[in-house]
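Here the protein sequences line up with chains F and D, keeping their order. Position 182 of the first sequence, counting from 1, maps to 904 under the numbering used here, and the rest follow consecutively. Position 103 of the second sequence, counting from 1, maps to 825 under the numbering used here, and the rest follow consecutively. Idealized CB from N, CA, C, for every residue including glycine. Down below is the structure, laid out as structure tokens.
2 protein chains.
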Amino acid sequence: MPSLLDPIRVVLCATSHPGNIGASARAMQTMGLSRLVLVNPQRYPDADADAMAAGASATLGATRVAASLDEALAGATLAIGFSGRPREFAGTVLPVRAAMQEALRYAASGEVALVFGTEMSGLSNAELSRCQIVATIPAVPDFGSLNLAAAVQVAAYELRVAAFGDTVWTAPTFEPATQEEIERMFDQGERALTALDFLRPENPKRLLPRLRRLFSRARLEKEEVNILRGILARIEERVQKGWRRGN
Amino acid sequence: MPSLLDPIRVVLCATSHPGNIGASARAMQTMGLSRLVLVNPQRYPDADADAMAAGASATLGATRVAASLDEALAGATLAIGFSGRPREFAGTVLPVRAAMQEALRYAASGEVALVFGTEMSGLSNAELSRCQIVATIPAVPDFGSLNLAAAVQVAAYELRVAAFGDTVWTAPTFEPATQEEIERMFDQGERALTALDFLRPENPKRLLPRLRRLFSRARLEKEEVNILRGILARIEERVQKGWRRGN
Chain F
723 MPSLLDPIRV VLCATSHPGN IGASARAMQT MGLSRLVLVN PQRYPDADAD
773 AMAAGASATL GATRVAASLD EALAGATLAI GFSGRPREFA GTVLPVRAAM
823 QEALRYAASG EVALVFGTEM SGLSNAELSR CQIVATIPAV PDFGSLNLAA
873 AVQVAAYELR VAAFGDTVWT APTFEPATQE EIERMFDQGE RALTALDFLR
923 PENPKRLLPR LRRLFSRARL EKEEVNILRG ILARIEERVQ KGWRRGN
Chain D
723 MPSLLDPIRV VLCATSHPGN IGASARAMQT MGLSRLVLVN PQRYPDADAD
773 AMAAGASATL GATRVAASLD EALAGATLAI GFSGRPREFA GTVLPVRAAM
823 QEALRYAASG EVALVFGTEM SGLSNAELSR CQIVATIPAV PDFGSLNLAA
873 AVQVAAYELR VAAFGDTVWT APTFEPATQE EIERMFDQGE RALTALDFLR
923 PENPKRLLPR LRRLFSRARL EKEEVNILRG ILARIEERVQ KGWRRGN
């Protein structure tokens with residue numbers, strides 16, 4: 723099935739640890755990215771890459787190895803480099819969220835590359851100069867930087883949210899109660915609490931609104947209303963019959 | 723320095739791979755979270771945890787081990803569980819972004835716990851029932867799930883953005899050109915291109931606006947204007963003197 727994210731590739735430059743290649747492939751596949759390009763990886767293919775890819779063997783299996791960054795960027799109309807401290811970069815520096823929105827905009831009509839540097843030092847100035855935008859992931863200023871695959875995960879996540887939103891489509895497994903059902907419950911509750919001598923008919927003002935607030939916030943389900951009404955019915959019954967045990 | 727994020731702890735339940743504990747500590751520390759609690763970890767302490775924590779030894783060193791989830795949640799007024807498929811959960815399910823905004827709101831007046839399940843199967847229904855909110859990270863529906871530490875990274879990133887925004891505070895390392903400098907450059911450019919016979923005085927309409935658009939988009943720096951004016955001056959000089967080499 724074609725996807726808005728198809729024109730977007732991830733380029734990893736001179737990766738030291740093959741585990742990070744596998745973990746990046748997994749991070750990509752969870753978010754629907756499938757095109758991984760490696761420039762001069764230190765060790766690849768490697769068992770550590772396979773292990774960290776976990777179920778993402780489709781993405782890892784389709785990985786290309788390029789001899790240079792230029793080769794990896796061939797065909798792309800926008801290259802976005804990731805850098806934690808883009809001080810030397812004269813171009814546009816954007817937070818990752820805005821950068822991924824821009825990536826998506828370009829992906830509508832061309833190819834886009836997200837470029838990540840080597841683990842220890844990130845992208846070199848020469849590599850950054852191939853990029854039109856630098857994306858930076860907000861982080862604590864005085865602490866090192868994100869793990870490579872963690873940075874790929876955050877970027878891929880932001881791309882997915884930019885492309886498809888983050889609405890949670892969970893089918894409602896439980897049936898919500900209607901307003902009438904809830905009102906009938908409150909009527910019964912008022913009777914039961916009055917019978918209990920807990921609600922004083924001359925001054926009911928604070929209690930009932932507080933209970934309404936609680937149950938409104940909880941957004942009651944049909945079955946919950948039935949359970950609560952069962953408890954209330956039992957209270958009324960016990961008050962009428964007297965409270966002796968075993969009654 | 724006290725931080726908005728101080729009241730927020732991360733709870734990892736029954737983690738299988740100590741590497742994920744270390745990687746989670748690193749993910750937390752990059753975003754300014756420092757309180758990690760482990761419930762029944764399979765192997766901890768462990769050299770793999772230390773290795774994956776990289777520079778985050780402060781967070782890993784302060785990690786607590788709890789005997790039960792209830793112990794790990796003690797004192798918290800909000801527990802947010804992470805789940806890829808929260809079908810069984812009857813409570814509020816939010817995308818991670820909205821859930822982390824809610825976490826921050828509660829952190830203003832109490833303690834908050836972010837709860838992550840074991841690698842293979844996530845949080846059990848019993849564990850989820852201890853949480854008031856389930857957070858879900860948008861992902862491809864038919865592919866497994868995020869690596870544990872990758873999920874912690876996305877959550878911690880969203881918390882940081884919720885708390886501190888994602889504005890990029892890079893000092894402008896280059897001095898932008900003023901409007902007058904740019905207008906003088908265009909005047910000179912018009913002269914030079916006319917001298918070159920490239921710009922036709924009778925129909926200059928399309929060329930100059932296109933060039934204006936290009937340079938406006940690029941947001942010129944002072945030094946770049948100087949370089950371009952140097953090129954234009956050289957063109958004018960060569961046209962006047964004739965184009966012979968070595969002139």
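Along the region 806 to 890 of chain F, the alpha helix (DSSP H) occurs as fully enclosed runs of 4 or more residues at 818 to 829, 847 to 850 and 870 to 886, listed in sequence order. Counting other Cβ atoms within 10 Å of its Cβ, F:Thr-900 stays below 16 and is therefore classed as exposed. Around the beta carbon of D:Gln-962, fewer than 16 other beta carbons sit within 10 angstroms, so the residue counts as exposed. Taking all protein chains in view, the Cβ of D:Glu-793 is surrounded by fewer than 16 other Cβ atoms within 10 Å, so the residue is classified as exposed. Contact annotation: D:Thr-840 and D:Ser-938 have beta-carbon atoms that are not nearer than 8 Å.
Using a C-beta cut-off of 8 Å, the region 758 to 771 of chain F makes no contact with the region 873 to 880 of chain D, since fewer than three inter-stretch Cβ pairs fall below that distance. If you keep only unbroken beta strand (DSSP E) runs of at least 3 residues inside the region 735 to 808 of chain D, you get 757 to 761, 786 to 788 and 798 to 804. Pairing F:Cys-853 with F:Val-837 gives a Cβ-Cβ distance under 8 Å. Counting every other CB atom within 10 Å of its CB across the protein chains shown gives D:Gly-797 a total below 16, marking it as exposed. Boundaries of the alpha helix (DSSP H) harbouring F:Asp-909: 901 to 917, taken from the DSSP string.
Where D:Lys-927 is concerned, there is no enclosing alpha helix (DSSP H), because DSSP gives it neither an H nor an E. Using a C-beta cut-off of 8 Å, the region 943 to 960 of chain F makes no contact with the region 740 to 751 of chain D, since fewer than three inter-stretch Cβ pairs fall below that distance. For F:Asp-888, the chain D residues whose C-beta falls within less than 7 Å of its own C-beta are Pro-817, Arg-819 and Pro-860, listed in chain order. A distance below 8 Å between beta-carbons, with the five flanking residues on each side excluded, links F:Glu-849 to the following residues of its chain, in chain order: Cys-735, Leu-791, Gly-803, Val-837 and Gly-839. The beta carbon of D:Ser-867 falls within 8 Å of a beta carbon belonging to chain F, placing the residue at that interface. The beta-bridge partner set that DSSP reports for F:Pro-898 consists of F:Glu-943.
F:Arg-906 has its alpha-carbon roughly 11 Å from the corresponding atom of F:Arg-913.
Residues of the region 742 to 757 of chain F with a Cβ closer than 7 Å to any Cβ of chain D, in chain order: Ala-745, Arg-748, Ala-749, Gln-751, Thr-752, Met-753 and Gly-754. Inclusion of D:Ile-855 and D:Leu-816 in the CB contact set at 8 Å is warranted, their separation being smaller than that value. Ranking D:Arg-748, D:Gly-754, D:Pro-724 and D:Pro-767 by CA distance to the CA of D:Ala-884 puts D:Gly-754 first. Close partners of F:Val-834 in chain D (Cβ separation under 7 Å) are lacking, with about 18 Å as the shortest Cβ gap.
With respect to chain D, the C-beta atom of F:Val-876 has a partner C-beta closer than 8 Å.
For D:Val-837, none of the residues of chain F pass the 7 Å Cβ criterion, the least Cβ distance being about 18 Å. Within chain F, the residues Gly-866 and Asn-869 have their CB atoms less than 8 Å from the CB of D:Ala-776, given in chain order. When beta bridges are read from the DSSP output, D:Val-732 appears opposite D:Leu-758 and D:Leu-836. Nearest Cα to D:Met-774 within the set D:Arg-786, D:Ser-851 and D:Gln-751: D:Gln-751.
Contact annotation for D:Tyr-828 against chain F: no contact, minimum CB-CB distance about 14 Å [criterion: below 8 Å]. When the five nearest sequence neighbours on each side are left out, the beta carbons in the same chain lying within less than 8 Å of the beta carbon of F:Pro-898 are those of Arg-941, Leu-942, Glu-943 and Lys-944, in order along the chain. Taking 8 Å as the CB threshold, F:Val-883 lines the interface with chain D. Minimum Cα-Cα distance from D:Leu-845 among the listed residues D:Gly-964, D:Leu-726 and D:Val-733 corresponds to D:Val-733.
Going by beta carbons, F:Ala-747 and F:Ala-778 fall inside the 8 Å limit. Taking a 10 Å sphere around the C-beta of D:Glu-924, we find fewer than 16 other C-beta atoms and assign the residue as exposed. The alpha carbon of D:Ala-784 has as its nearest neighbour, out of D:Pro-767, D:Leu-800, D:Leu-795 and D:Arg-807, the alpha carbon of D:Pro-767.
For D:Ala-801, no CB of chain F lies under 8 Å from its own CB, so it is not counted at the interface with that chain.
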